[in-house]
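Numbering (this note's numbering), first residue to last: 91 to 536.
C-beta: ideal position from N, C-alpha, C; glycine also.
Computed from a prediction, not measured in an experiment: that's the story for all the values here.
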Ligand SMILES: *Cc1c(COP(=O)(O)O)cnc(C)c1O
């Protein structure tokens, strides 16, 4: 296992960013790789451990993105590295529907045990979040024999044809890539910072609007599934107001609709609970997981009530690589790491440092309009001071400043004005605070 555990957890600038080696490699990237792919930070990684990414010029960068909320257990987490090395030496692939293997079964057992709800559950595994969302909708439709799917404003569910239709934002996700799948209905989301109505009754008011629209515009008995992110991810870390999601689920249950939580970004300890729906004591009929599940290896899952998962005919579900044995071994190691390193508690601790520090900055810099999130899934929304007008320019300037000083921070939001914090949950307090001090400097330079 050597080699992996040896990166000092400190920020260090060896060159300007990007350094000469990264610059040269990025020129090759631009020549060889589709222009359709973005690049949040212009450096080439050499290795990464815990919350430090080292680039090929020798810069050590603080990772506030965790590969978009994937390496919750840290970059190259030791248990994950060991599990992958052991698994790959045994066999690399059989296809689970050709010759099954224990690792797949054990990941499903773990998911059935760890996801909320004491009812009998079953799972299937896929390769990506979008593929899991596709399967979730497919299964819910088969089970209910209904077509319509309810989604929300600001939603992000993926980039395949069906999941583009489920996703809210046109640019960059959908523009020019249609036509899209039918029978998708988008509902208003109670986005507290931008909600015009009474803030005290926001959950109840939004619930009335949504259920009324479902009944009048779709017909509740035509709806197969209500799909929602318990913390809206790409849309800007919007936390639905307390009571809204439980109310939705109650409505779903009453009308035989499958209530699906897309926990792809919010799951696996990220929010200070193993799954974000636990903050409101919810037990969704179906939960979709991916990102944080396997310490960086591609894996995703759908877990639901057994009767829903068993409704499909044999052969109706599957795929070549879904639940690859090496990714499964990584997932079992990541789950063990979350449990043994107490990362749920750790995420809550990180969240407190983030929210306290960001609220201090908000007092000082009125360009910060809102601080929000749950656990180690926190964001700030930038506005033109004194208004709620989105301020994407300020966001870009602050992000670029942080990058130049060796701090990688991601953006989000329908209006392109949200800075989101998704550090590996193993990040040390010192490193977190160092990164936040760079962020503070960034605001001071505006
Ligand atoms: C990232 C994401 C997806 C898509 O996952 P991929 O692995 O990129 O296909 C779906 N839902 C949510 C909430 C996500 O954050």
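Return the first residue and the last residue of the beta strand (DSSP E) that residue i is part of.
i	result
residue 215	211 to 216
residue 472	467 to 472
residue 463	458 to 464
residue 509	508 to 511
Taking the C-alpha atoms as reference points, what is the distance between residue i and residue j?
i	j	result
residue 481	residue 490	15 Å
residue 418	residue 454	46 Å
residue 374	residue 483	39 Å
residue 528	residue 472	17 Å
residue 174	residue 416	6 Å
residue 111	residue 152	19 Å
residue 541	residue 192	Residue 541 is absent from the model: the chain starts at 91 and stops at 536.
residue 272	residue 348	18 Å
residue 189	residue 407	15 Å
residue 109	residue 132	9 Å
residue 301	residue 241	12 Å
residue 533	residue 369	32 Å
residue 221	residue 214	11 Å
residue 160	residue 305	37 Å
residue 93	residue 372	In this prediction, residue 93 scores a pLDDT of 45, lower than 50, which makes its location untrustworthy; no coordinate-derived value is stated.
residue 310	residue 140	47 Å
Identify the residues that DSSP records as bridge partners of residue i: which are they?
i	result
residue 165	140
residue 318	351
residue 111	Beta-bridge pairing links residue 111 to no other residue.
residue 152	142, 497
residue 328	322
residue 274	239
residue 280	Note: residue 280 sits in no beta bridge, so no partner.
residue 480	473
residue 102	150
When the Cα of residue i is compared with those of the options, which residue comes out closest?
i	options	result
residue 346	416, 237, 116	237
residue 128	526, 513, 533, 501	501
residue 393	498, 195, 420	195
residue 520	267, 440, 504	440
residue 246	292, 260, 100, 534	260
residue 157	532, 515, 226, 340	515
residue 210	451, 395, 517	395
residue 341	297, 186, 377	297
Following the continuous alpha helix (DSSP H) through residue i, name the residue where it begins and the one where it ends.
i	result
residue 232	219 to 234
residue 344	334 to 344
residue 532	519 to 534
residue 302	292 to 303
residue 253	251 to 256
residue 194	192 to 204
What I want to know is whether the C-beta of residue i ends up closer than 7 Å to one or more non-hydrogen atoms of ligand 3.
i	result
residue 386	For ligand 3, the structure offers nothing, since it holds only ligand 1.
* Which residue spans inside the segment 375 to 438 form an unbroken alpha helix (DSSP H) run of at least 4? -> Counting whole runs of 4 or more residues, the segment 375 to 438 contains the alpha helix (DSSP H) stretches 396 to 399, 415 to 430.
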